[in-house]
Amino acid sequence: MSAAGQKEKYFRHPFLNTGPTAEAKSAFEAFLRDRGYRVAPVTVDPSDYMFNDILGESAEKKDKELGEKAKKEYLAYANLVFVYEEQESRNLFQREIPQVLLIHDSDLNAECLDAVLTQLEKRGYKFISLDDALADPAYATPDLFVGGVGISWLTRWKLAFGCSWHCGAASKSCRVPMGPVGCAKLT
């Protein structure tokens, strides 16, 4: 990056896990801040790594049908996650905010990225830089979540609004996308 006159400035937490305790989270946030990094929040995580594992398994087994099903289900699930997070955005901010999509460098995305991006364009998305997305006031909302799981920033931000991060706190619906197995109802 330095050859292009740029430097690293963002950090994305692995598995979106920002720390199991308030002390660990605070210490790591200070570590990043002291080095000039800003956390790259994620509002849309379509769990592509899980579908990629299934695609890899299909290649090992030479099971083309399973591979095609993994790609088809990934595209459907990614769309479902966008529907859910768009609604969460409207519930929290009374508008849709610029979303930050987490995708990984993988065989799945090598094969499906064009279709994912086409889906997003059909939903009305335009692609902007992370700097531009983070300029939206919603991204100044404090992340008050502490725990040993990784969840989207829209879910984390519920706490800043005095809600529980669990299902139903900000959303009218309790149907939460849960990965390639479908949806789970949280109670």
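Those letters in the sequence shown? Residues 5 to 191, by the numbering used here. C-beta: ideal position from N, C-alpha, C; glycine also. All values reported here derive from a predicted model rather than from experimental measurement.
- Straight-line gap, L96 to D67 (C-alpha atoms, nearest Å): 43 Å
- Euclidean distance between Cα positions of G40 and E12: When the Cα atoms are used, G40 and E12 turn out to be separated by approximately 9 Å.
- Identity of the residues DSSP links to G151 by a beta bridge: G23
- Alpha-carbon to alpha-carbon, K65 and M54: Each residue's Cα considered, the two are about 17 Å apart.
- I155 versus V46 - alpha carbon distance: 9 Å
- Message: Going by the DSSP bridge assignment, what does Y14 pair with across the sheet?
- Response: R42
- Message: Using only the alpha-carbon positions, how far apart do E92 and D140 sit?
- Response: Approximately 16 Å between the Cα atoms of the pair.
- Query: Is it a yes or a no for the segment 130 to 138 touching the segment 25 to 40, going by three-plus beta-carbon pairs under 8 Å?
  - Reply: no
- Query: Just how far apart, CA to CA, sit V120 and R94?
  - Reply: 22 Å
- Query: Alpha carbon to alpha carbon, what distance is there between H170 and F149?
  - Reply: 11 Å
- Message: If I measure Cβ to Cβ from T159 and keep anything under 8 Å in the same chain, skipping five residues before and after, which residues do I get?
- Response: E92, F149 and W169
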